[in-house]
Amino acid sequence: MSKEVPVIKQADLIESVADALQYISYYHPKDFVDAMAEAYEREQSAAAKDAIAQILINSRMSAEGKRPLCQDTGIVTCFVKIGMGVQWDKTDLTVQEMVDEGVRRAYTNPDNPLRASIVADPAGGRKNTKDNTPSVVHVEMVPGNHVDVAIAAKGGGSENKSKMAMLNPSDDIAAWVEKTLPTMGAGWCPPGMLGIGIGGTAEKAAVMAKESLMDPVDIHELQVRGAETADEKLRLDIFERSNKLGIGAQGLGGVTTVLDIKIKSAPTHAASKPVVMIPNCAATRHVHFHLDGSGPADLSPPSLEDWPEITWEVGESVRRVDLNTVTQAEMEQWKSGDTLLLNGKMLTGRDAAHKRIQSLIESGEGLPEGVDFKGKFIYYVGPVDPVGDEVVGPAGPTTATRMDKFTDLMLETTGLMGMIGKAERGPATVESIKKHKSCYLMAVGGAAYLVSKAIKKSRVVAFADLGMEAIYEFDVKDMPVTVAVDSDGVNAHETGPAIWKVKLEG
Ligand code: SF4
Numbered sequence: 001m002s003k004e005v006p007v008i009k010q011a012d013l014i015e016s017v018a019d020a021l022q023y024i025s026y027y028h029p030k031d032f033v034d035a036m037a038e039a040y041e042r043e044q045s046a047a048a049k050d051a052i053a054q055i056l057i058n059s060r061m062s063a064e065g066k067r068p069l070c071q072d073t074g075i076v077t078c079f080v081k082i083g084m085g086v087q088w089d090k091t092d093l094t095v096q097e098m099v100d101e102g103v104r105r106a107y108t109n110p111d112n113p114l115r116a117s118i119v120a121d122p123a124g125g126r127k128n129t130k131d132n133t134p135s136v137v138h139v140e141m142v143p144g145n146h147v148d149v150a151i152a153a154k155g156g157g158s159e160n161k162s163k164m165a166m167l168n169p170s171d172d173i174a175a176w177v178e179k180t181l182p183t184m185g186a187g188w189c190p191p192g193m194l195g196i197g198i199g200g201t202a203e204k205a206a207v208m209a210k211e212s213l214m215d216p217v218d219i220h221e222l223q224v225r226g227a228e229t230a231d232e233k234l235r236l237d238i239f240e241r242s243n244k245l246g247i248g249a250q251g252l253g254g255v256t257t258v259l260d261i262k263i264k265s266a267p268t269h270a271a272s273k274p275v276v277m278i279p280n281c282a283a284t285r286h287v288h289f290h291l292d293g294s295g296p297a298d299l300s301p302p303s304l305e306d307w308p309e310i311t312w313e314v315g316e317s318v319r320r321v322d323l324n325t326v327t328q329a330e331m332e333q334w335k336s337g338d339t340l341l342l343n344g345k346m347l348t349g350r351d352a353a354h355k356r357i358q359s360l361i362e363s364g365e366g367l368p369e370g371v372d373f374k375g376k377f378i379y380y381v382g383p384v385d386p387v388g389d390e391v392v393g394p395a396g397p398t399t400a401t402r403m404d405k406f407t408d409l410m411l412e413t414t415g416l417m418g419m420i421g422k423a424e425r426g427p428a429t430v431e432s433i434k435k436h437k438s439c440y441l442m443a444v445g446g447a448a449y450l451v452s453k454a455i456k457k458s459r460v461v462a463f464a465d466l467g468m469e470a471i472y473e474f475d476v477k478d479m480p481v482t483v484a485v486d487s488d489g490v491n492a493h494e495t496g497p498a499i500w501k502v503k504l505e506g
């Protein structure tokens, strides 16, 4: 008797990938929301608690509005496990091509367009491919007769902080993580998960680290039942050591730096101990589905009751700032750690715009008409395109550290007053901020939809060809920021974690 062979339709995989990417652009996994809500309850640092509150409020708003959690809608990574018994209805497309077609449809969906962030020719022209393809696809043939897919949209800020080491066999992996995590700064938008791949070869360890992030947050179950394997013992050890570092939400110092530690391991060479660590950020986005020939995946929406009822009230000490009239003297009163509500006009710009500004200044050509940074703040952002009556799509901050190499030039030559971004600034930039009596303000990375609601007007001022990297002028109302580096050079990303590290060690 012949057993029926399941036939998987290419169209079903394409449609399921497209649906899954739309789904994860606005729904956090429930386990992640629960872990973040628990971190909120436990947090004792006021700055970190504020940041977690904004992340949770943003998460609920995105789920309600079906708009992206973060302006960086990620690079797509897809693990496809194909049962050896499966047949395809057509053989003209590779698995990579099917997944890419799903990505293309998801990212250009007119109801919820996602930001296209992929650039081809990465060492050369870095030209945007416009539809977020190609994705990174890992295919594995497995026993069985269905297709399993785990798909994620990974933010660049957290991906950039990935670390790798070829340790000696006798080296302590937990000690390596403890030493390495503080060097990753806050650009990965903690709190989140760390995926760790151990063993195999260099590339195998990296793939295992990434795949481990597809699992749900469940460290508390492990804490309750106790570790049974070496990997489980290591998870608990690293979890404890990481949270004792005091890095905290957004690197501002606090109790929770990681929500979970995930580990995948494989046998390795007797002379080797490859380790790769990849962080997952506040925009943790992944979903799993499987196809058995009966049609596309059915992803049911979560219930809004899954989100905690959290409100975020500005404290009494908050200052309202009018960016249209703010003076140098007023700015110099702001102290590191203060919360401000920004009102008025600001200009935007990120990597590509800064590179172009630098070459225009250095060539003596000067800035294009309408671009005048004198007395202005620059917001490091690359927004999602708007839909319906939106002024702008989700527009959270990008990692300011990448703009460090341009900051002295900007402060020295353009009359720029201050900057707004996320994550820490390097020592030379903090010095430059102090020298120019400027300041650096921080918005919450991963709270992009919430931030976009503070933007009341938006227009492109220059470099329209750069797409989301163009220079915009935003008119904002009560946009919440924290003073991260004040005009005296006091840096909240140093002082916050230092204070909390001591407290937690105590
Ligand atoms: S939460 Fe932070 S690291 Fe993650 S995608 Fe958004 S900006 Fe990037």
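Everything in the sequence shown is counted per full-length UniProt numbering, starting at 1 for the first residue and increasing by one. Here a beta-carbon is modelled for each residue, glycine too, at the ideal position from N, C-alpha and C. Note that this is a predicted model, so its numbers are computed, not measured.
So, helix, strand or coil for residue i, using DSSP?
i       : result
Met-98  : helix
Met-84  : coil
Ser-62  : helix
Met-410 : helix
Glu-473 : strand
Ser-16  : helix
Arg-126 : coil
Ile-499 : helix
Asn-109 : coil
Ala-51  : helix
Ala-484 : strand
Glu-4   : coil
Gly-421 : strand
Met-214 : coil
Arg-67  : coil
Lys-9   : coil
Thr-399 : strand
Asn-132 : coil
Lys-437 : coil
Leu-367 : coil
Phe-463 : coil
Phe-377 : strand
Lys-90  : coil
Ala-120 : strand
In its own chain, which residues sit with a C-beta less than 6 Å from the C-beta of residue i, not counting the 5 before and 5 after it?
i       : result
Val-103 : Val-76, Asn-132, Thr-133, Ser-135
Gly-375 : Met-417
Gly-344 : Asp-322, Leu-323, Asn-324
Met-1   : Note that Met-1 scores 44 on pLDDT, short of 50, meaning its location in the model is unreliable and no value can be drawn from it.
Asp-475 : Lys-345, Lys-456, Lys-457
Take residue i and list the residues in its own chain whose beta-carbon comes closer than 8 Å to its own, dropping the five residues that flank it on each side.
i       : result
Pro-68  : Ser-25, Tyr-26, Ser-62, Asn-112, Leu-114, Arg-115, Val-384, Gly-393, Pro-394, Ala-448, Tyr-449
Thr-407 : Met-419, Arg-425, Thr-429, Ser-432, Ile-433
Leu-21  : Val-76, Gly-102, Val-103, Ala-106, Tyr-107, Leu-114, Ile-151, Ala-153
Could you pull out every residue in the same chain whose Cβ sits closer than 7 Å to the Cβ of residue i, ignoring the five residues on either side in sequence?
i       : result
Phe-377 : Leu-323, Met-346, Met-417, Gly-418, Met-419, Ile-420
Gly-187 : Gly-157, Asn-160, Lys-161, Thr-399, Thr-401, Ala-423
Ala-150 : Phe-79, Met-214, His-286, His-288
Leu-291 : Ile-8, Asp-12, Leu-13, Ser-16, His-146, Val-147, Ala-297
Val-95  : Val-80, Val-137, Val-139
Leu-93  : Gln-10
Lys-501 : Leu-245, Gly-246
Leu-299 : Asp-19, Ala-20, Tyr-23, Val-287, Phe-289
Thr-268 : Gly-199, Gly-200, Pro-274
Considering only DSSP beta bridges, list what residue i is partnered with.
i       : result
Val-275 : Ala-165, Ile-198
Cys-189 : None, per the DSSP bridge assignment.
Cys-281 : Cys-281 pairs with nothing; no bridge assigned.
Val-139 : Val-80
Ser-458 : Phe-474
Met-346 : Phe-474
Phe-289 : Val-149
Lys-262 : Gly-195
Ala-230 : DSSP lists no partner for Ala-230.
Thr-339 : Thr-482
Met-208 : Note: Met-208 sits in no beta bridge, so no partner.
Val-321 : Leu-342
Could you check if residue i belongs to the surroundings of ligand 3, using beta carbon to heavy atom distance under 7 Å?
i       : result
Asn-109 : For ligand 3, the structure offers nothing, since it holds only ligand 1.
ask   = So which residues touch the region around ligand 1, with touch meaning a C-beta under 5 Å from any heavy atom?
value = Those residues placing their Cβ nearer than 5 Å to any heavy atom of ligand 1 are, following chain order, Cys-70, Asp-72, Gly-155, Gly-157, Ser-158, Cys-189, Cys-281, Ala-282, Ala-283, Gly-445, Gly-446.
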